[in-house]
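What follows is a set of notes on a single structure, which appears directly below.
Residue numbers (our numbering): 8 to 247.
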């Protein structure tokens with residue numbers, strides 16, 4: 008494993024930590040010395056605390072945060088990686104149910120988790136929040152209206168929270184990956200995936216471990232003068 012950060016004594020909550028980017032982040036945080044709790048739709052076996060819950064349900068989010076704070080004593084770091092890609096359909100073919108499901112998890116869920124963990128962080132005068140957006144939230148991907156809109160909402164929320172909390176000791180940033188080789192791709196058409204890969208100058212998908220490397224810096228004390236920002240990890244697709 009590459010360089011780690013000194014996270015001894017820190018407690019982290021990672022949503023969507025059962026697979027993909029979330030799992031890679033959880034592993035990297037543990038390797039750096041943090042205690043890690045994972046929140047996913049189903050509890051998972053492995054080290055640390057595992058909580059089952061749906062982030063689109065605010066009551067389940069509040070209960071999960073309460074449990075994690077009870078077991079770990081606090082939450083210093085929160086990484087929200089839970090998300091769904093939605094269907095590969097054109098805007099006019101997007102049903103009400105599809106729109107609400109994707110927005111409910113990717114946008115509403117992100118807000119619910121942030122709202123639940125922020126009070127404790129502010130009270131302790133320290134926190135690092137890292138949200139997982141997407142290059143689709145900056146550029147928009149065809150055949151992905153709900154997903155692109157929901158990830159744009161994550162970027163907007165990051166900007167607001169960064170400014171709201173700037174003098175509290177709590178820093179909030181997000182990452183905007185291009186296509187990453189994770190199980191989330193299973194719900195997309197080959198045409199949709201090919202479109203995304205073709206636009207990456209490096210010419211390949213990213214890996215969850217590459218995203219985790221950036222996330223873990225943002226979750227560490229080494230990140231001390233950045234908040235409300237969006238960090239691209241797109242293989243050159245976005246350069247602004």
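Built from N, CA and C at the ideal position, the CB exists for glycine as well.
Here the structure is a predicted model, which is why all the values come from computation and not from measurement.
Rounded separation between residue 11 and residue 38 - CA only: In the chain shown, residue 11 corresponds to position 4, counting from 1. In the chain shown, residue 38 corresponds to position 31, counting from 1. Cα to Cα, the separation comes out at about 7 angstroms.
Return the first residue and the last residue of the beta strand (DSSP E) that residue 247 is part of. The sequence position of residue 247 within the chain shown is 240, counting from 1. Residue 247 -> no beta strand (DSSP E), and no H or E assigned at all.
On the DSSP bridge assignment, give the partners of residue 238 in chain order. Numbered from its first residue, the chain shown carries residue 238 at position 231. Secondary-structure assignment with DSSP links residue 238 through a beta bridge to 182.
Does the beta-carbon of residue 41 have 16 or more other beta-carbons within 10 angstroms, so that it is buried, or is it exposed? Counting from one through the chain shown, the residue named residue 41 turns up at place 34. Buried: at least 16 other Cβ atoms inside 10 Å.
When DSSP labels each residue in this structure, what does residue 8 get in the three-state scheme? For the purposes of this step, residue 8 is identified with residue 1 of the chain shown, where counting begins at 1. For residue 8, the pLDDT reaches just 47, beneath the cut-off of 50, and the residue's location in the model is therefore unreliable, although a value from the coordinates is still provided. Correct three-state label for residue 8: coil.
Determine the contact status of residue 44 and residue 14, defining contact as a CB-CB distance below 7 angstroms. Along the chain shown, read from residue 1 onward, the residue named residue 44 stands at position 37. Along the chain shown, read from residue 1 onward, the residue named residue 14 stands at position 7. Taking 7 angstroms as the Cβ cut-off, residue 44 and residue 14 do not qualify as a contacting pair.
Taking the C-alpha atoms as reference points, what is the distance between residue 150 and residue 199? Counting from one through the chain shown, the residue named residue 150 turns up at place 143. Counting from one through the chain shown, the residue named residue 199 turns up at place 192. Going by the C-alpha atoms only, they are around 7 angstroms apart.
Between the C-alpha atoms of residue 197 and residue 97, what's the straight-line distance to the nearest angstrom? On the chain shown, residue 197 is found 190 positions in, with the first residue counted as 1. On the chain shown, residue 97 is found 90 positions in, with the first residue counted as 1. Looking at the two C-alpha atoms, the distance is approximately 15 angstroms.
Does the Cβ of residue 231 have 16 or more other Cβ atoms within 10 Å, making it buried, or fewer, making it exposed? Against the chain shown, residue 231 aligns to sequence position 224. It counts as exposed.
Distance, Cα to Cα, residue 70 vs residue 120? Counting from 1 along the chain shown, the entry for residue 70 is found at position 63. Counting from 1 along the chain shown, the entry for residue 120 is found at position 113. Taking the CA atoms as reference points, residue 70 sits about 11 angstroms from residue 120.
Where the alpha helix (DSSP H) containing residue 87 begins and where it ends: Along the chain shown, read from residue 1 onward, the residue named residue 87 stands at position 80. Element bounds for residue 87: not the alpha helix (DSSP H) but the beta strand (DSSP E), 84-87.
When the distance is taken between beta carbons, is residue 165 closer than 7 angstroms to residue 192? Position 185 of the chain shown, counting from 1, holds the residue named residue 192. Position 158 of the chain shown, counting from 1, holds the residue named residue 165. Their beta carbons are not under 7 angstroms apart, which means residue 192 does not touch residue 165 by this criterion.
Hey, residue 178 and residue 117: beta-carbon distance below 7 angstroms or not? Position 171 of the chain shown, counted from the start, is the residue given in the question as residue 178. Position 110 of the chain shown, counted from the start, is the residue given in the question as residue 117. Result no, Cβ atoms of residue 178 and residue 117 do not sit closer than 7 angstroms.
Using beta-carbon positions only, say whether residue 51 and residue 89 come within less than 7 angstroms of one another. In the chain shown, the residue the question calls residue 51 occupies position 44. In the chain shown, the residue the question calls residue 89 occupies position 82. Not in contact: residue 51 and residue 89 (Cβ atoms no closer than 7 angstroms).
Among 152, 181, 83, which one has its Cα closest to the Cα of residue 126? As a working mapping, residue 126 is identified with position 119 in the chain shown. For the options 152, 181, 83, the alpha carbon positioned closest to that of residue 126 is the one of 83.
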